[in-house]
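Trainee: Note that full-length UniProt numbering gives residue 6 to position 6 of the sequence shown, counting from 1, and the numbers run on in steps of one.
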Amino acid sequence: MLERSSIFHQPADSFAYAYSENILHIRLKAKKGNIEEAELIYGDQYEWNEDGWVSRRIPMKKTGSDQLFDYWLAEPEPEFKRTRYGFCLKSGDEQAVYTEKGFFDSLPEDPGSLFCFPYLHASEVFRAPEWVKDTVWYQIFPERFANGDESLNPPDTKPWRSEEPKPDNFFGGDFQGIIDHIDYLAGLGITGIYFTPIFKAYSNHKYDTIDYYEIDPQFGDKETFRELVKICHDKGIKVMLDAVFNHSGYQFPPFQDLLENQGDSQYKDWFHAGEFPLEGGERPNYSTFAFVESMPKLNTQNPETKEYLLEVGRYWVREFDIDGWRLDVANEIDHQFWREFRAEVKSIKPDLYILGEIWHDSMPWLRGDQFDAVMNYPFLTNVHNLFAKEAISPRQFAENMVSVIHMYPDNVNEAAFNLAGSHDTPRVLTECGGSLEKAKLIFTFMMTYIGTPCIYYGDEVGLSGGMDPGCRECMPWDEEEYSMEMYEHTKKLIQLRKSEPLLANEGVLEFLELPEESTVAAFARSSGNRKIVILLNASSEEASFSLPFPLKGKKITDLLTEEEYAAEADSLSAVLEGYGAAILSFEL
1 MLERSSIFHQ
11 PADSFAYAYS
21 ENILHIRLKA
31 KKGNIEEAEL
41 IYGDQYEWNE
51 DGWVSRRIPM
61 KKTGSDQLFD
71 YWLAEPEPEF
81 KRTRYGFCLK
91 SGDEQAVYTE
101 KGFFDSLPED
111 PGSLFCFPYL
121 HASEVFRAPE
131 WVKDTVWYQI
141 FPERFANGDE
151 SLNPPDTKPW
161 RSEEPKPDNF
171 FGGDFQGIID
181 HIDYLAGLGI
191 TGIYFTPIFK
201 AYSNHKYDTI
211 DYYEIDPQFG
221 DKETFRELVK
231 ICHDKGIKVM
241 LDAVFNHSGY
251 QFPPFQDLLE
261 NQGDSQYKDW
271 FHAGEFPLEG
281 GERPNYSTFA
291 FVESMPKLNT
301 QNPETKEYLL
311 EVGRYWVREF
321 DIDGWRLDVA
331 NEIDHQFWRE
341 FRAEVKSIKP
351 DLYILGEIWH
361 DSMPWLRGDQ
371 FDAVMNYPFL
381 TNVHNLFAKE
391 AISPRQFAEN
401 MVSVIHMYPD
411 NVNEAAFNLA
421 GSHDTPRVLT
431 ECGGSLEKAK
441 LIFTFMMTYI
451 GTPCIYYGDE
461 VGLSGGMDPG
471 CRECMPWDEE
481 EYSMEMYEHT
491 KKLIQLRKSE
501 PLLANEGVLE
511 FLELPEESTV
521 AAFARSSGNR
531 KIVILLNASS
541 EEASFSLPFP
551 LKGKKITDLL
561 TEEEYAAEAD
571 SLSAVLEGYG
581 AAILSFEL
């Protein structure tokens with residue numbers, strides 16, 4: 001029996017969108033296991049003949065299931081760009097047509113009852129820069145990566161790695177240190193660097209900006225930064241900077257003027273002052289980042305403030321040829337500001353990547369008029385819960401990931417910024433309780449999944465550390481201080497991702513069905529007859545997984561070990577050691 005109350009579609013966002021200039025993606029959500037067959041009925045509302053309205057039918061494919069719902073997809077190519085559509089749904093002996101006006105026993109004669117996608121405009125196809133899909137990112141916290149010019153050291157700089165990271169200590173990391181180690185990054189296979197803030201600021205993290213147009217003197221000067229960008233570009237590495245437009249630092253001159261002149265300040269509308277005089281403390285009487293009195297919130301709806309920040313965005317693209325902006329606390333800034341920001345920076349460099357820091361459902365920012373991607377923290381949460389903490393089963397993990405995938409259009413997922421750790425989270429190895437095997441599983445999943453992966457500096461060599469400030473340890477440069485096993489594994493995965501497009505963003509991804517008791521996470525990447533299956537054993541015990549494909553007589557290659565197998569039976573079971581993985585490639 002069709003449970004009609006569970007069936008949902010809306011003609012917008014992740015349910016109906018232009019995937020390309022000719023193809024629409026139409027999705028449907030329904031109670032898990034309730035629909036046995038689904039068809040999309042569609043046509044141009046103006047196309048009629050002597051028999052009535054002209055419609056077409058194509059089958060829908062089930063693209064995944066989470067804990068509660070199945071998701072279905074059709075990919076019509078409307079001849080005239082205009083589309084009216086509905087769904088023919090079957091369950092047992094029951095059949096119904098689902099439309100914008102409700103359910104009918106058969107297709108209504110009037111297409112006005114159907115859902116409407118008015119016109120497939122090429123300009124409304126979500127387009128992140130093409131280069132992003134093939135990029136492997138590396139996040140650098142500049143103060144802790146490498147000290148290459150000790151003459152720039154701030155007062156009381158500590159010797160490199162001489163003590164634990166603290167909120168207020170400095171070790172002298174700078175641009176020259178990064179330049180000195182570019183070959184290390186290129187050798188690892190990195191093709192994009194995301195820098196946390198580099199502008200003049202009081203702290204070691206630089207999220208409290210004093211001057212948005214100046215490099216912090218401990219990092220170097222503009223000429224050194226220009227040299228760094230050029231060297232990166234010569235090595236095939238993109239450069240993304242961090243913009244803190246939600247709030248400034250306490251020493252930001254306009255805020256200092258406001259403190260001095262209070263209500264008479266020419267900058268009083270640059271901030272959100274509730275009353276005068278301004279008072280800080282645990283609950284400031286002016287808006288801030290969280291309740292941090294030293295980070296006053298900027299008023300991006302004030303025309304002067306807006307123009308100042310928009311020019312910051314333009315300036316670093318125009319003058320230094322950067323390739324991307326990562327936007328801090330992006331969800332607390334008004335949407336109109338981000339629409340104007342996108343238009344301004346993309347007018348200078350159309351293939352600039354715009355990445356927002358948002359930790360929750362981000363669809364309002366991903367409609368093509370604001371961001372190209374957001375930091376995929378739901379990805380991080382799920383991979384840690386499965387592989388690091390063993391808090392969920394592989395089946396629950398697959399269901400969670402299917403839910404995340406279906407929050408967004410496919411072309412949004414292809415540019416998603418996937419991370420396993422950052423300056424705001426504990427280190428991967430620490431989350432894994434010091435287990436390199438678990439950390440390697442997380443990296444294996446991240447490097448074989450859709451989107452664009454990012455490594456937080458040092459995670460590739462097994463650096464450990466808890467929450468901020470523990471996760472901001474100095475990068476070790478003596479090989480005796482880090483894990484070559486983790487490094488070689490990471491390098492191998494990056495090479496595989498580059499050499500095998502199916503491990504990046506080509507083809508179709510599907511999670512394979514699992515019994516509840518399975519300890520193996522399994523998903524497949526497919527294109528035509530070609531298929532790659534990724535298997536990851538989330539248990540310390542040996543486990544097997546039966547591949548659900550007709551493999552008799554087929555050659556199977558494990559891309560991780562480069563071993564080859566010949567299947568002698570219709571089915572094949574892969575045996576994985578505890579916390580083991582396999583990346584199996586074959587043709588059907």
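Ideal placement from N, C-alpha and C gives every residue a C-beta, glycine not left out.
1. Since E500 sits in a beta bridge, which residues does DSSP pair it with?
2. Which term fits K61, buried or exposed, when burial requires 16 or more other beta carbons within 10 angstroms of its beta carbon?
3. Mapping DSSP to helix, strand and coil, what is I494?
4. Assuming S55 and G43 make a contact with CB atoms under 8 Å, what is their CB distance in whole Å?
5. Between the alpha carbons of H272 and T305, how many angstroms are there, rounded?
6. Are the segment 111 to 126 and the segment 76 to 96 touching, with three or more C-beta to C-beta distances below 8 Å?
7. Exposed or buried, which one is residue 615 when buried takes at least 16 other CB atoms within 10 Å?
8. Examine the Cβ distances between the segment 250 to 261 and the segment 224 to 239 and report whether three or more of them are shorter than 8 Å.
9. Cα separation between E223 and L535?
10. Less than 8 Å between the beta carbons of T490 and L188, yes or no?
11. Quick check on the DSSP output: the alpha helix (DSSP H) that includes A581 runs from which residue to which?
12. Who does residue 631 pair with in a DSSP beta bridge?
13. In terms of alpha-carbon separation, which member of D211, E227 and N22 lies closest to E311?
14. Hey, how far is the Cα of S347 from the Cα of A243?
15. Measuring alpha carbon to alpha carbon, tell me which residue in I455, L584 and L503 is nearest I190.
16. For Y138, which residues does DSSP report across the bridge?
17. Classify residue 589 as buried or exposed, calling it buried when 16 or more other Cβ atoms lie within 10 Å of its own Cβ.
18. Whose C-beta lies closer than 6 Å to the C-beta of N22 among residues of the same chain, with five residues either side of it excluded?
19. Looking only at its own chain, which residues have a Cβ that is under 8 Å from the Cβ of S518, when we skip the five neighbours before and after it?
20. Would you kindly work out how many angstroms separate the C-alpha atoms of R283 and E293, rounded to a whole number?
21. Taking the DSSP output, what are the residues bridged to S544?
22. So, for V461: in the same chain, excluding its five sequence neighbours on each side, which residues have a beta-carbon less than 7 Å away from its beta-carbon?
23. Can you tell me whether DSSP reads Y17 as helix, strand or coil?
24. Can you give the Cα-Cα distance for F103 and E506, rounded to whole angstroms?
25. So what's V54 in DSSP terms, helix, strand or just coil?
26. Starting from T209, trace the beta strand (DSSP E) in both directions and tell me its first and last residue.
27. Within this structure, are the beta carbons of M240 and Y315 separated by less than 8 Å?
28. Going along the chain, which residues of its own chain have a beta-carbon closer than 6 Å to the beta-carbon of V508, five neighbours each way excluded?
29. Considering only DSSP beta bridges, list what D70 is partnered with.
30. Inspect the beta-carbon positions of K166 and P469 and report whether they are closer than 8 Å.
31. Pull the bridge partners of L514 from the DSSP assignment, please.
32. Hey, A146 and G192 are a contact pair by Cβ (cut 8 Å); roughly how many whole angstroms apart?
33. So, helix, strand or coil for E319, using DSSP?
34. From this set, L278, G274 and W270, which residue's C-alpha is nearest Q262's C-alpha?
35. Note down the Cα distance separating A566 from E319, rounded to an integer number of angstroms.
36. Give me the DSSP bridge partner(s) of W325.
Mentor: According to the structure shown:
1. DSSP output for E500 lists no bridge partner at all.
2. exposed
3. helix
4. 4 Å
5. 12 Å
6. yes
7. There is no way to answer for residue 615, as the model of the chain reaches only from 1 to 588.
8. no
9. 47 Å
10. yes
11. Not the alpha helix (DSSP H): A581 falls in the beta strand (DSSP E), residues A581 to E587.
12. Lying outside 1 to 588, the shown extent of the chain, residue 631 is not represented and no answer is given.
13. D211
14. 18 Å
15. I455
16. I193 and I455
17. For the chain, the structure presents residues 1 to 588; residue 589 sits outside this window and is missing.
18. E77
19. S393, P394, R395, A543 and F545
20. 8 Å
21. V575
22. P476, Y482, S483, M486 and Y487
23. strand
24. 37 Å
25. coil
26. T209 to I215
27. no
28. S526
29. A30 and S65
30. yes
31. L514 pairs with nothing; no bridge assigned.
32. Contact flag wrong, Cβ pair sits at about 18 Å.
33. helix
34. L278
35. 57 Å
36. L241 and I354
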